[in-house]
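J.:
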Amino acid sequence: MDYSFRSKESIEASWMKLENSFSTSQSANQSISVSARPNTSDFIQKPKSRCSREKFHHNRSASLQNQSMNTKHSRASSQDYPISHSHSISYSTFIPKTEQYSINGLDAYQIHRIYVAKCNDLKIPVLLDQEKNFFSYCHIHFTKRKFELSESGIGPKAAKAIGEVIEHNKEFAYLELSKNIMGDKGAIILAKALCRNTDLVHLDVSSNDITPEGASALIMLVLKHPSIASLNISSHEGLHRNRLGIVGASAIRRVLESSMIISFLNIAGTSIGPEGLISLSKGLKNSKTLVSLNIANNGIGSTGISNLAEAIASSSLKILNISLNKIGNEGCDIISNLLMGEFDAICPLETLDLSQNEISTRGAFNLFTAATGNIILQTLNLEKNKFSSGLSPAFHPFVCGNTKIKMLNLAFCQIKSEGICTVGDGLIKNKTLRILNISNNVIDDNGAEAISIGLHTNRGLKFLDLSNNFIKNKGGLALAQALKMNQCLEQINLKGNGLKDDAAQQLSEISRFRPNLVRLVLDLNPVSFKYLNDIKGHMKHNVSVHQKYLVPKLRSKISDIQFNESEFDTIRRKIESKMKEKTENQQKLEKQNVRYIEVKENEEKKYLVIHEEFEKLYEQRKELSKAIDELEGEIKKTKIIREREIKELSDKIAYTVSEAKQLEKQKTHKREQLGLLRNQHTNIINDLRAKLENEELLKRNAESTIYFAKKKLDEKSKELARIKNTENDKNIEAAKEEYETKIQNAIFDPKVPPTKLKPVKA
808 MDYSFRSKES IEASWMKLEN SFSTSQSANQ SISVSARPNT SDFIQKPKSR CSREKFHHNR
868 SASLQNQSMN TKHSRASSQD YPISHSHSIS YSTFIPKTEQ YSINGLDAYQ IHRIYVAKCN
928 DLKIPVLLDQ EKNFFSYCHI HFTKRKFELS ESGIGPKAAK AIGEVIEHNK EFAYLELSKN
988 IMGDKGAIIL AKALCRNTDL VHLDVSSNDI TPEGASALIM LVLKHPSIAS LNISSHEGLH
1048 RNRLGIVGAS AIRRVLESSM IISFLNIAGT SIGPEGLISL SKGLKNSKTL VSLNIANNGI
1108 GSTGISNLAE AIASSSLKIL NISLNKIGNE GCDIISNLLM GEFDAICPLE TLDLSQNEIS
1168 TRGAFNLFTA ATGNIILQTL NLEKNKFSSG LSPAFHPFVC GNTKIKMLNL AFCQIKSEGI
1228 CTVGDGLIKN KTLRILNISN NVIDDNGAEA ISIGLHTNRG LKFLDLSNNF IKNKGGLALA
1288 QALKMNQCLE QINLKGNGLK DDAAQQLSEI SRFRPNLVRL VLDLNPVSFK YLNDIKGHMK
1348 HNVSVHQKYL VPKLRSKISD IQFNESEFDT IRRKIESKMK EKTENQQKLE KQNVRYIEVK
1408 ENEEKKYLVI HEEFEKLYEQ RKELSKAIDE LEGEIKKTKI IREREIKELS DKIAYTVSEA
1468 KQLEKQKTHK REQLGLLRNQ HTNIINDLRA KLENEELLKR NAESTIYFAK KKLDEKSKEL
1528 ARIKNTENDK NIEAAKEEYE TKIQNAIFDP KVPPTKLKPV KA
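Heads up: the sequence shown at position 657 corresponds to 1464 in our numbering, and the numbers run straight through without jumps.
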């Protein structure tokens, strides 16, 4: 469902006001002016509004014509409408001799010129059958002061023809030429021709393959136009996209700064980027007439959103579409600050579209918190964002506390039943919400039951969309019970759920006795065709009843608006009394002016005295500032010197610490070596002591041996003395010497024990 209808209505109303201000002299009820008009049912066929279809019919007619020409060469001369094989056709051959017709201020020749130029742009033959179809299309679409040739293959030549036709035509106020192939050349030619038309208020050249340079030239021509209040230079998905870029955005900035007429601007999908947004924001900040701005799908991101928000706060903008720009939570936070009035002004926005911007639950929290206290915002579109973690705790206070929001779109947001349960309580307290769209989410029976609780007592909601969710029969029965109690809901969409016959039967009975329920959709539910047909029949009846009573209601409202002639005298008297009051007030004002002049002179004298004192104080402040600056300079220099000294000392301390650590390591190493040497010396001393003890022991043994040997020697000497006189003196002497030698050897050789020395026998 298209939720932009409310903004379109406001746009239409504004355009109508602008038309009245330009004092159009033609009657809006004039439909088709005819001079000897033929019966249109004989030749007007179903219009073909697409360029591709026209090409197809051209080719088909051409092939059929060639076949017939091969068999009958004289067929063209026997017809009132001859078919031309060239790319142009004369006015005399197109119009029958006895019949001429026109459409809303355009005669047949003008329509013929546009058709021929279109064929030349497409390089296709001019065929009579297709020209009749083209006339039928114009007959249907050139109504209500609207000139519409969208998707019709309009190129530069056709654009020139249209410009020449509409240049002095006061019948059309809206010119829609979207999805064509005009390019820069055709758009500029058209804009130059339109500059002389003072009745045109809307120009749509979207998706016409316009470059940044061409767009800039076109925009500057629109700036000079005396009546165009709405410009659509956006791009649709597909071929022939318009591109503005930074160049086009700069031109838009100049238009917003200078134009006192432009109120509606659509530049969606034109690749202005963040830099272009910043430039556009500067123009918007100085614009006092722009009320609607569409900058969707421009690759903006979160960069530049703060500039845009600041510009909006100081503007009169009412409608903003910033969808498909991936602003994320960061950009959403800035928009939330704008809604809260944190840019030193109240946010003027009434309609805000933030769909498909990758906003999560965190961004939704700040947004709903800001929107809760906002008293201006009426339409909020958050379609296709990521709220799988819920709508945040701020959603419940938003639904309960906001008193201005009328339309809320949360479709395709991955919302679960847990995140929508607070809607029930919110609907009980909310009295202003008219449209609620929560389709294409993950809502089951629990969510449907929660919504049903709110519908029991809600008296404001008119449209509810729950299509393509996971509501089963239980949830459908709960909604049916709620509809029995709620007499205000006019449209409910339950398409693509899991409702069954029980719920469908109850809904069918309710639709039968609820004449104000004009739309109930249960398609793509596993219910019987009987109930679907019954519901469709009831809806058809309800719509007819609604339309029957709608006209009297509107007439009564119109009659309430109309003034009674007798009231004019009362109003005139009031005006006269107000004029007297005005005269008296002017006299009072003159007296006040005299007093004001006296007070002003006194205040000026006081001001001069104060100004002199101020100048003196200002000079003193300058001197003090200079002294302070000098002191600050000295402080900075001293600080730098001290910092250098501290750094040097720190370096020295660090070096000393490193040396101390190195010496400590060396000391530890020396201690370890000394310990090893001490252990070695101790071992050597112990060995030497052991050897010394052993040697002393050997010495004592040797001394005792010598002692005993001397003692025996003495004994032997005495014995020798006794035997001196014996015969063997020589042998005895020899034996004695030998014995003494052995004794001496025994004294110096401790290994020979004294016990082994044998005495010499005499």
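For glycine and all other residues, C-beta sits at the position ideal for the given N, C-alpha and C.
Since we're looking at a predicted model, the values are computed, not measured.
Which parts of the stretch 1323 to 1388 are runs of the alpha helix (DSSP H), unbroken and 4 residues or longer, counting only runs that do not cross its ends?
T.: For the stretch 1323 to 1388, whole alpha helix (DSSP H) runs of length 4 or above, ordered along the chain, are 1336 to 1368.
J.: What residue range is occupied by the uninterrupted beta strand (DSSP E) comprising T1186?
T.: T1186 to N1188
J.: Under DSSP, the alpha helix (DSSP H) around D1151 begins and ends at which residues?
T.: Boundaries cannot be given for D1151, as no alpha helix (DSSP H) includes it and DSSP labels it neither H nor E.
J.: Just verifying my parser: in three-state terms, what is the DSSP assignment at L1131?
T.: Collapsing the DSSP output to three states places L1131 in coil.
J.: Could you give the distance in angstroms between the alpha-carbon of L1217 and the alpha-carbon of E1374?
T.: Cα to Cα, the separation comes out at about 49 Å.
J.: Can you give the Cα-Cα distance for L1273 and E938, rounded to whole angstroms?
T.: 46 Å
J.: For the stretch 1020 to 1076, list the beta strand (DSSP E) runs that are entirely contained and at least 3 residues long, ordered along the chain.
T.: 1037 to 1039 and 1071 to 1073
J.: Looking at C-alpha atoms only, which residue of G1303, M1346 and V1325 is the closest neighbour of L1331?
T.: Nearest C-alpha to L1331: G1303.
J.: Using the beta-carbon count (16 or more within 10 Å), is I1035 buried or exposed?
T.: buried
J.: Measure the C-alpha to C-alpha separation of I947 and S1014 and round it to an integer number of angstroms.
T.: 23 Å
J.: Go to L1159, then tell me how far its beta strand (DSSP E) extends in each direction, as first and last residue.
T.: Run containing L1159: T1158 to D1160, per the beta strand (DSSP E) assignment.
J.: When you compare only the Cα positions, how much space is there between M1214 and D1252?
T.: 24 Å
J.: For N877, collect the residues of the same chain with a Cβ closer than 7 Å to its Cβ; drop the 5 residues on either side in sequence, then sort them by chain order.
T.: With a pLDDT of 39 at N877, under the threshold of 50, the predicted position of this residue should be treated as unreliable, though the coordinate-derived value follows. Closer than 7 Å at the Cβ level, and outside the excluded window around N877, lies no residue.
J.: Whole angstroms is fine: what's the gap from Q1399's alpha carbon to I1153's?
T.: Each residue's alpha carbon lies about 34 Å from the other.
J.: Can you name the start and end residues of the beta strand (DSSP E) that Q1221 belongs to?
T.: Here Q1221 belongs to no beta strand (DSSP E), and DSSP marks it neither H nor E.
J.: Quick check: P1155 and I1183, are their CB atoms within less than 8 Å of each other?
T.: Their beta carbons are under 8 Å apart, which means P1155 touches I1183 by this criterion.
J.: In three-state DSSP terms, what is F942?
T.: Helix, per DSSP.
J.: Output needed for D1458: all residues of its chain with C-beta closer than 6 Å, excluding positions within five of it in sequence on either side, in chain order.
T.: Within the same chain, D1458 has no close Cβ partners at all.
J.: If we require 3 or more residues per run, which beta strand (DSSP E) segments fall completely within the stretch 1271 to 1331?
T.: 1298 to 1300 and 1326 to 1328
J.: Quick check on H919: does DSSP put it in helix, strand or coil?
T.: helix
J.: Would you check if the distance between the CB atom of S1224 and the CB atom of K1193 is smaller than 8 Å?
T.: no
J.: Taking the Cβ atom as the reference point for each residue, do F941 and I910 lie within a distance shorter than 8 Å?
T.: Not closer than 8 Å, so no.
J.: Please list the terminal residues of the continuous beta strand (DSSP E) segment that includes K953.
T.: For K953, the enclosing beta strand (DSSP E) covers residues K953 to E955.
J.: Would you tell me roughly how many angstroms separate the C-alpha atoms of E1430 and D1151, rounded to the nearest one?
T.: 37 Å
J.: Where do the N-terminal and C-terminal ends of the beta strand (DSSP E) with L1100 fall, by residue?
T.: S1099 to N1101
J.: Between which two residues does the beta strand (DSSP E) harbouring L1234 extend?
T.: Where L1234 is concerned, there is no enclosing beta strand (DSSP E), although the alpha helix (DSSP H) it sits in stretches over T1229 to K1236.
J.: Give a yes or no on whether the C-beta atoms belonging to S1199 and F1219 are separated by under 8 Å.
T.: no
J.: On the criterion of 16 or more Cβ atoms from any shown chain inside 10 Å, does P1033 qualify as buried, or is it exposed?
T.: exposed
J.: Classify L1010 as helix, strand or coil using the three-state DSSP reduction.
T.: strand
J.: Quick check on the DSSP output: the alpha helix (DSSP H) that includes L1115 runs from which residue to which?
T.: I1112 to A1120
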